[in-house]
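Visitor: Numbering (this note's numbering), first residue to last: 5 to 421.
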Ligand SMILES: Cc1ncc(COP(=O)(O)O)c(C=O)c1O
């Protein structure tokens with residue numbers, strides 16, 4: 005059968021499950037808020053959701069907020085990050101993990117990542133600690149918990165705060181302990197494509213009641229829970245979610261455990277199907293990861309197993325076969341102009357001193373994954389086994405006929421690895 009990119013019939017014609025997944029539970033919950041007449045951030049659904057989210061993760065306090073970016077900023081501010089403080093972050097993550105540091109006038113220090121999980125390399129973190137370092141932000145990338153044996157230990161030994169950026173990992177667990185219990189605080193995002201979503205939204209988790217109070221106050225214009233509406237004790241903003249967002253989140257959260265189970269089954273099956281498939285490497289199963297919510301599955305592409313076919317041509321061909329596989333980030337974060345000299349002055353104060361020359365930085369694994377990484381997104385794993393078989397069939401069809409794409413490759417000018 006000819007490749008779909010060259011005019012043949014695609015392996016798959018039907019769509020994968022769509023996201024967000026919603027139904028009567030979301031509708032009824034939204035209507036409850038609508039009819040309550042209390043639409044703002046003080047609707048009781050907000051505290052109901054916070055309670056549910058804290059319970060799911062076995063954490064004492066949850067503070068909801070406008071989104072995952074704000075959650076990171078509030079966590080850093082509440083932990084006392086100030087002008088010139090260095091905060092160690094991975095070079096491969098969404099931009100907010102590092103720009104939230106700049107928003108607090110801190111200095112992001114980028115370190116390299118594990119080539120398969122895309123999580124912080126503990127040795128690289130240790131090597132990046134200086135006397136100015138104040139915190140580590142560990143992303144549980146794609147839902148795979150970062151090394152929660154070593155990173156908390158490194159943070160403790162150096163007197164650093166640890167924040168878990170768990171935007172990809174609600175419901176995840178390491179050695180039986182849910183994410184959110186390893187750092188001083190954890191942050192989550194409920195943006196439109198996240199595993200639990202209200203279109204936009206976020207939450208902070210912490211086991212410290214002092215920190216929870218500071219976080220809540222920052223999100224509520226410096227109020228105190230025990231104070232009056234017009235009493236403002238510290239500088240804060242309005243980062244509340246609405247009752248409608250909380251209504252969606254209450255309904256969404258109920259489904260998360262079953263969805264994690266479905267995704268785990270399907271990823272496990274795909275892993276078995278790909279066992280002897282050359283040129284596509286998956287992260288190894290890690291027995292310390294007791295629950296992986298599978299926001300993203302990252303594959304590493306080796307073009308030598310595909311007759312030298314560049315990754316981006318492989319992806320075009322696989323997409324044409326009906327499999328929406330995607331390239332990873334186009335470059336490590338430090339190559340974004342926002343981190344470069346010209347853009348930095350608004351964030352600077354007298355204490356601010358660059359820890360790295362971001363423009364000249366080159367972290368090998370971070371650079372490599374941008375050229376060789378492939379993402380399969382979570383909704384692909386919400387169906388059944390035949391979906392996994394279609395993914396394998398498309399990969400296999402393109403690999404077998406890679407030679408027929410040689411002229412397409414040179415005409416398209418794509419030169420990825
Ligand atoms: C790892 C990570 N951290 C933080 C965020 C920011 O979340 P939000 O889009 O809700 O601001 C995202 C969003 O995609 C993310 O992927």
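We put the CB at the ideal spot given by N, CA and C, even for glycine. Note that the structure is predicted; figures quoted are calculated from it, not measured.
Report the CB separation of residue 33 from residue 252 in whole angstroms; it is logged as a contact under 8 Å.
Guide: 7 Å
Visitor: For residue 106, collect the residues of the same chain with a Cβ closer than 7 Å to its Cβ; drop the 5 residues on either side in sequence, then sort them by chain order.
Guide: 112, 351
Visitor: On the criterion of 16 or more Cβ atoms from any shown chain inside 10 Å, does residue 353 qualify as buried, or is it exposed?
Guide: exposed
Visitor: Within 6 Å: the Cβ of residue 71 and any heavy atom of ligand 1?
Guide: yes
Visitor: Mapping DSSP to helix, strand and coil, what is residue 206?
Guide: strand
Visitor: Report the residue ranges of all alpha helix (DSSP H) runs contained in full by the stretch 369-407; include only those spanning at least 4 residues, in chain order.
Guide: 389-404
Visitor: At a cut-off of 6 Å, would you count residue 101 as near ligand 1, judging by its Cβ distance to the nearest heavy atom?
Guide: For residue 101, the Cβ falls inside the 6 Å cut-off from some heavy atom of ligand 1.
Visitor: Given the structure, does residue 79 come close to ligand 1, in the sense that its CB is under 6 Å from one of the ligand's heavy atoms?
Guide: Because no heavy atom of ligand 1 lies under 6 Å away, the Cβ of residue 79 does not count as near it: no.
Visitor: Have a look at residue 165 and residue 159 and give me their C-alpha separation to the nearest angstrom.
Guide: 6 Å
Visitor: Per the contact definition of three or more C-beta pairs closer than 8 Å, is the stretch 270-279 in contact with the stretch 379-394?
Guide: Taking one beta carbon from each stretch, the stretch 379-394 and the stretch 270-279 have 3 or more pairs nearer than 8 Å; the two touch.
Visitor: If distances are taken between C-alpha atoms only, which option among 77, 90, 61, 146 comes closest to residue 378?
Guide: When the alpha-carbon of residue 378 is set against those of 77, 90, 61, 146, the nearest one is in 146.
Visitor: For residue 92, tell me which candidate among 45, 162, 212, 65 has the shortest Cα-Cα distance.
Guide: 162
Visitor: For residue 381 and residue 300, I'd like the C-alpha separation in whole angstroms.
Guide: Spanning the two alpha carbons is a distance of roughly 5 Å.
Visitor: Would you check whether ligand 1 has a heavy atom nearer than 6 Å to the C-beta of residue 263?
Guide: For residue 263, the Cβ stays outside the 6 Å cut-off from all heavy atoms of ligand 1.
Visitor: Under 7 Å between the Cβ atoms of residue 402 and residue 309?
Guide: no
Visitor: Is residue 246 near residue 305, with beta carbons less than 7 Å apart?
Guide: no
Visitor: Quick check: does the Cβ of residue 37 come within less than 6 Å of any heavy atom belonging to ligand 1?
Guide: False, no ligand heavy atom lies under 6 Å from that Cβ.
Visitor: Roughly how many angstroms separate the alpha carbons of residue 74 and residue 221, rounded to a whole number?
Guide: Rounded to the nearest angstrom, the gap between the Cα atoms of residue 74 and residue 221 is 13 Å.
Visitor: Quick one: what does DSSP say residue 36 is sitting in, helix, strand or coil?
Guide: helix
Visitor: Please state if the CB of residue 58 and the CB of residue 66 are separated by a distance shorter than 7 Å.
Guide: yes
Visitor: Please give the ranges of any beta strand (DSSP E) in the stretch 257-332, keeping only runs that are unbroken, at least 3 residues long and fully inside the region.
Guide: Under the rule that a run must span 3 or more residues, the beta strand (DSSP E) segments found entirely inside the stretch 257-332 read 293-295, 300-305.
Visitor: Restricting to runs no shorter than 4 residues, where is the alpha helix (DSSP H) found entirely within the stretch 48-116?
Guide: 48-61, 72-82, 100-107
Visitor: Please determine whether the Cβ atom of residue 200 lies at a distance below 6 Å from any heavy atom of ligand 1.
Guide: Residue 200 Cβ: outside cutoff for every heavy atom of ligand 1.
Visitor: For residue 327, collect the residues of the same chain with a Cβ closer than 6 Å to its Cβ; drop the 5 residues on either side in sequence, then sort them by chain order.
Guide: Result list for residue 327: 395, 398, in chain order.
Visitor: Considering only heavy atoms of ligand 1, does any lie closer than 6 Å to the CB of residue 171?
Guide: Within 6 Å of the C-beta of residue 171 there is at least one heavy atom belonging to ligand 1.
Visitor: Let me know if residue 96 comes out buried or exposed under the rule of 16 or more other beta-carbons within 10 Å of its beta-carbon.
Guide: buried
Visitor: Spatial neighbours of residue 24 within its chain, please: CB distance less than 6 Å, with the 5 preceding and 5 following residues excluded, ordered by chain position.
Guide: If we look at residue 24 and ignore the five residues flanking it on each side, its Cβ neighbours are 201.
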